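If you're matching positions, the sequence shown starts at 897 in my numbering and goes up one per residue.
Here is the structure we will look at.
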Amino acid sequence: MSINQSANALIKGGQIVDGTGAKPYAADVRIRDGRIVEIGPDLDPGSDRVYDAKGCYVTPGFIDTHTHYDGSLFWDPTCDPIIQHGVTTLLIGNCGLGLAPVRKEQVSGLAHLFSYIEDLPRDVFEAEVPWNWETYPEYAREMKSRKFGVNIVSLISHSLLRTYEIGDEAWKRASTPEEISRIVLAYSEALNAGAFGFSTSRFDRSPAGDLVPSFYSDSAELEALFAATADKKCIVQIIPDMGDIKMQEKDLREMGGYSARHGGVPVISNGIYQRPDDPNYAPTLVGVAKDIQAKGGNFFFLASPRSIELLINFHQCMNFIYVPAWNELVQPDLAKDEKLRRLADPEWRAKARADWDAVKEGFPSGGMERLFRIVKVGKPENEKYLSQTFDAILDARDGHSSDILADWVLENDLEAEFVYPFTNTDVAEVGQLLASEVSLISASDAGAHIGMFDGAGDVTLVLTRHVRDRGDMTLEVAVKRMTSDQAELLGLADRGTLKVGAHADIAVFDLDALSWEPEKKVADIPGGRQRFRRPAGGFRYTFVNGALAQENGELTGTLAARFLSAEDRVPA
């Protein structure tokens, strides 16, 4: 990789979609020293390098506010292939996860937790991240010393703030007033060092099934954190309790209340999808969000156009989080022989049946197992079932679903795999969710669950399916929703619109040439490990800070992006 400075350039002959929602217009864009210095028709190239944009739209670089590239930035600073889908800035530190603060003795546990929740190879994660920091300001200094292919914005993990200040007790109880003071002081230092807010989780669990430390924070702690967030005009991201819609609504209303009491601190939440098993799920949550906004909460749901298909395997998988017996079985640290022993053990099976039946909402309640699509088997005689749904097996056998699944996994020597279409299967309703005023189109989850999917490419899917093909929104509205709306929410200065003086983060594309293609497995993780990777989206050029980062789907090798910090925020 080369660390190149931006060159003088002229993007010529395109239609400008400036990110404000204004109609497209014909103009050229001139770049000097990483900034836009002129926009107008028929500009004289002079000595500038000319980039042909005929037949293309020229837009601000797209912003993705929900990714998990925290660890992989250290082995792939380009975050391939997200730049090839027009993204120039992304947010890490989501879902109450992150890399700082962390004490030296906590590193291994953090690597295990992050890798488990986000389905990443633990050994690679622990080995490739340098871990030469403890505090968030030390982490920020390390990140500022590096160059990247895409600009990085970071939140700080609420759970890590708690474990750093109160240790293992953070996994068990609320903080004392003195501990809250220490937590808020560490948080304020992180904001001064460049964190753009904090993320918190009421949902995630450790490999052992323990709720993450942020779950145990009380209202006194959250009020104090929101007050500090308001002082710096920063944001909060939450993943609420996703297993029960009533608990989810409770969490969201609580967060909306903090937002309203603290001057409209922006709160962005996971969790709005079209659910094929529950047609009332999304409309109910849209109503909740509108009510929060009406009461003064500055609240938005993160929305993705992509159908979430859960890949279920029995080597490493976090889909059984609500079924403890199965969740323990699918952990990568459990030896194969022990997995096979448990699957055949009557006592384990009895516990697995009880755990399965206890799940009333969320995976795998409501007969979800009947929709599992068989994508891998371990024995040739079972290949006839490939691409069929698991109901073919369930209907042919007697017994409890958990027992039949255990039999199937045994018969296939642990090599059984399924895909379950969990959300966003109704494209029309997805289009309505993306267009809703309570939605922020930014829920790719890119960088996580790399053995299940590649979240990179949501921008391309919106532009192709929902703008070009279906007309769920106009191009100028879609661009605004994925550029300036995101920049305004994050408080990013001089990004998200095409205007003189702005950073030259720019995407150039022929809308008819864009294509959202299925992922393919590649073995480019250190040690030859595999991941799913989506092909490039058909963008002609992507510029980051004025430097050409990709052309026609090929990375240029330029690392002109950086870790954005306090000086990149709109002043409080």
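Beta carbons are placed, not taken as given, at the ideal position from N, Cα and C, and that holds for glycine.
Just so we're clear, the structure is a prediction, and the values are computed from it rather than from any experiment.
- Per DSSP, the unbroken alpha helix (DSSP H) holding R1037 starts and ends at Y1032 to K1040.
- Around the beta-carbon of V1396, fewer than 16 other beta-carbon atoms lie within 10 Å, marking it exposed.
- DSSP, read as helix, strand or coil, puts Q1382 in helix.
- Taking 3 residues as the minimum length, the beta strand (DSSP E) runs contained wholly in the segment 1222-1281 are 1269-1272, in order along the chain.
- Per the C-alpha coordinates, the member of F1210, I1300 and H1362 positioned closest to G1347 is F1210.
- L1306 and L1239 have their C-alpha atoms some 7 Å from each other.
- Under the Cβ criterion (8 Å, minimum of three pairs), the segment 1297-1316 counts as touching the segment 1193-1211.
- Here N1194 is buried, its C-beta having at least 16 other C-beta atoms within 10 Å.
- Looking from the CA of K1068, the closest CA among S1050, D1015, I1135 and D1114 belongs to D1114.
- When DSSP reads this structure, Y1316 sits in a beta bridge with L1206.
- Taken in chain order, the complete beta strand (DSSP E) segments of 3 residues or longer contained in the segment 1391-1437 are 1402-1405, 1416-1421 and 1425-1429.
- When the alpha-carbon of A1445 is set against those of D1309, P973, D966 and G1367, the nearest one is in P973.
- Residue environment: P1103 is assigned as buried (16 or more neighbouring CB atoms within 10 Å of its CB, all protein chains considered).
- Here I927 is actually not in contact with R1101; their C-beta atoms are around 47 Å apart, not less than 8 Å.
- Residue pairing from DSSP places L1107 in a beta bridge opposite R1101.
- Scanning the segment 1039-1094 from its first residue to its last, the whole beta strand (DSSP E) runs of 3-plus residues come out as 1047-1050.
- Annotated three-state conformation of V1003 is helix, per DSSP.
- Scanning D1354, K1191 and E1257 for the CA closest to the CA of D1174 turns up E1257.
- For E1447, the pairing in a beta bridge is given by DSSP as Y1437 and E1450.
- When C-beta atoms of the segment 982-992 are compared with those of the segment 1048-1068, three or more pairs fall below 8 Å, so the two segments count as touching.
- Around S1332, the same chain offers V1182 as residues with beta carbons nearer than 7 Å, after the five sequence neighbours per side are excluded.
- For Q911, no alpha helix (DSSP H) encloses it; the enclosing beta strand (DSSP E) starts and ends at A905 to I912.
- Ranked by Cα distance from P1276, the first of A996, D1309, D1291 and E1074 is D1309.
- When C-beta atoms of the segment 1212-1227 are compared with those of the segment 1259-1271, three or more pairs fall below 8 Å, so the two segments count as touching.
- Residue environment analysis places Y921 among the exposed positions, since fewer than 16 neighbouring C-beta atoms fall within 10 angstroms of its C-beta.
- Contact check for T955 and V913: beta-carbon distance about 5 Å, within the 8 Å limit, so the pair qualifies.
- Contact between A1231 and V1334 fails: their C-beta atoms lie close to 47 Å from each other, not under 8 Å.
- Rounded to the nearest angstrom, the Cβ distance from F1435 to G982 is 5 Å, consistent with a contact under 8 Å.
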